[in-house]
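Residue numbers (UniProt numbering): 1 to 557. Where is the CB? At the ideal position from N, CA and C, for every residue including glycine. Here the structure is a predicted model, which is why all the values come from computation and not from measurement.
Below you can see the structure in the form of structure tokens.
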């Protein structure tokens, strides 16, 4: 089975989405020390500071360009004519201007590209400065029998770097150290390779020492400045963290957002934070679904439904919500990694899913996106194989027009492999029995490792749900018990009236199965203990395969 078709689809609509800019608490998401060096905040700050530094450098070299042109055409006695150097000056200005433009505030620039642009902003001016000083030094020696001090230009360059670029002091020391060495290397090269320069510096040995002392002291001050600025910035972050969250590491990414392991700054409680992708932030339908997922989940309190702790927007408009951290595996990964589950374990997990859905249905809410990737087998409260139902992003009140601007009659919503015939046809409004159909496919998948319809195109799967008969699970796995198979096949009836009429009816039928109660907590403990090394714990919103992440897409036949 191609896992690509496990993703959720929502057919396009011309209606506008509900606003998601309602008042929400603003927080700052701050990465902890265990996370990669580039947090979102640091990367955004680097982009802004680098852009400012680039335009500052552009301004400095633009002013110097005016002097360079004047010197080239009218004061040729001061420096020899060098059209190559003048051409390089023009090229440098063009590169600085282009780099500054590419660092626009709305551009989503990756870390590697930012560091490349940092090299352009400071590396190319350094090379140009070295060439200019080399020419100027020899001009002064030839015409004035003196050596011009090369330190001022380099001191300016390293202080601009220290002031504008957010950095660790160790990395700054490497960059600034290179700037300290450059003018000393230039003087050393002149001393060794130019006879006149050698004579001048031999008569005035203090020149090299004076330049070296100035550069070393200036470099040390610049590095200390970077260290001080970084400490103050970290303290400012911590001051803004009260009652907020500290990101530790990335847990994964999907179609709509990224999930991070985080800790509340005061309570130290681990949690998972889902952050909507920046490129999705402009899609009002995506934001509306993101917000609806939070609102729907927050109304549910059953322990088999995911707990939502918090929700809001950061100051830069990033949407996020905070949910419980679940050690374990989603059912999709569980079956794909370890194969079909024994009937007793299937019933054990299904009963909990039924309980979770019963709460939602009793509140007049249908899930509409039940699939293996949205059911989590977790360790909670010292118990293993605790089922958690996730992702209420497509949840909708039964017989309500509240969300008509998001999903209208005739729209196809859900995951093609797991949607009911009424969802597939879009001809009638799904009710709680639609969720029962999806739970039937979930059971089918757990028992066999297959889904009823495994076509290579979503539209074929959707048509099959509406018109084709289901192959019994026992044809894939002959050992599937007849009573459990009968429950699955009843759930998969084409007509809603032929299915269980409530999720509690299905739960009662599961309780009467011969395999009910055969999967004990001791079995779950033993299984997870034996497989702990390979059953690493993807979190809600993170899948081993990115396509398992609930996404919004368009169905194309």
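Cβ neighbour criterion (16 or more within 10 Å) applied to residue i
i	result
residue 260	buried
residue 556	Any answer about residue 556 is weak, because its pLDDT of 35 lies below 50 and its placement is not dependable; what the coordinates show is given next. Exposed: under 16 other Cβ atoms inside 10 Å.
residue 383	exposed
residue 377	buried
residue 332	buried
residue 54	buried
residue 274	buried
residue 569	This structure leaves residue 569 out entirely; the chain is present only between 1 and 557.
residue 197	buried
residue 495	exposed
residue 513	buried
residue 427	exposed
residue 122	buried
residue 422	buried
residue 497	exposed
residue 133	buried
residue 104	exposed
residue 473	buried
residue 364	exposed
residue 73	exposed
residue 36	Note that residue 36 scores a pLDDT of 38, beneath 50, so its modelled location is shaky; the value from the coordinates is reported in the next line. Per the 10 Å Cβ criterion, exposed.
residue 25	Per-residue confidence for residue 25 stands at a pLDDT of 48, beneath the threshold of 50, marking its modelled position as unreliable; the derived number appears in the next sentence. Exposed.
residue 482	exposed
Pick from the options that is closest to residue i, judged by C-alpha positions
i	options	result
residue 127	179, 115, 152, 151	179
residue 91	327, 100, 124	124
residue 272	336, 487, 306, 462	306
residue 162	359, 226, 184, 150	226
residue 158	367, 532, 57	57
residue 153	170, 365, 64, 302	64
residue 234	211, 71, 223, 168	168
residue 353	177, 319, 504	504
residue 296	475, 357, 257	357
residue 525	473, 386, 495	386
residue 173	421, 285, 223	223
residue 245	285, 470, 391, 311	311
residue 50	74, 119, 68, 84	119
residue 437	220, 522, 265, 367	367
residue 454	439, 443, 470	470
residue 187	171, 176, 177, 205	205
residue 229	165, 249, 285	165
residue 93	532, 62, 182	62
residue 467	345, 429, 420	420
residue 521	345, 219, 338	345
Integer Cβ distance of residue i from residue j, believed to fall under 8 Å
i	j	result
residue 347	residue 515	6 Å
residue 415	residue 371	5 Å
residue 519	residue 379	15 Å between Cβ atoms; not a contact.
residue 340	residue 446	7 Å
residue 507	residue 351	6 Å
residue 135	residue 85	7 Å
residue 258	residue 250	6 Å
residue 290	residue 308	So it is not a contact: roughly 12 Å between Cβ atoms.
residue 43	residue 114	7 Å
Identified DSSP bridge partners for residue i
i	result
residue 329	377
residue 322	273, 310
residue 262	247, 271
residue 305	389
residue 567	Any question about residue 567 goes unanswered here, given that the chain covers just 1 to 557.
Any non-hydrogen atom of the ligand GTP within 7 Å of residue i CB
i	result
residue 508	By its list of ligands, the structure shown contains no ligand whatsoever, and the ligand GTP lies outside what it can speak to.
Uninterrupted alpha helix (DSSP H) stretches inside the region 406-481 (no shorter than 4 residues): 421-425, 432-448, 458-467
Ranges of the beta strand (DSSP E) found wholly within the region 339-398, counting only runs of at least 3: 375-380, 383-389
Continuous alpha helix (DSSP H) assignments of at least 4 residues falling wholly in the region 107-190: 111-118, 124-144, 151-164
Start-end ranges of the alpha helix (DSSP H) lying completely within the region 183-229, minimum 4 residues: 195-203
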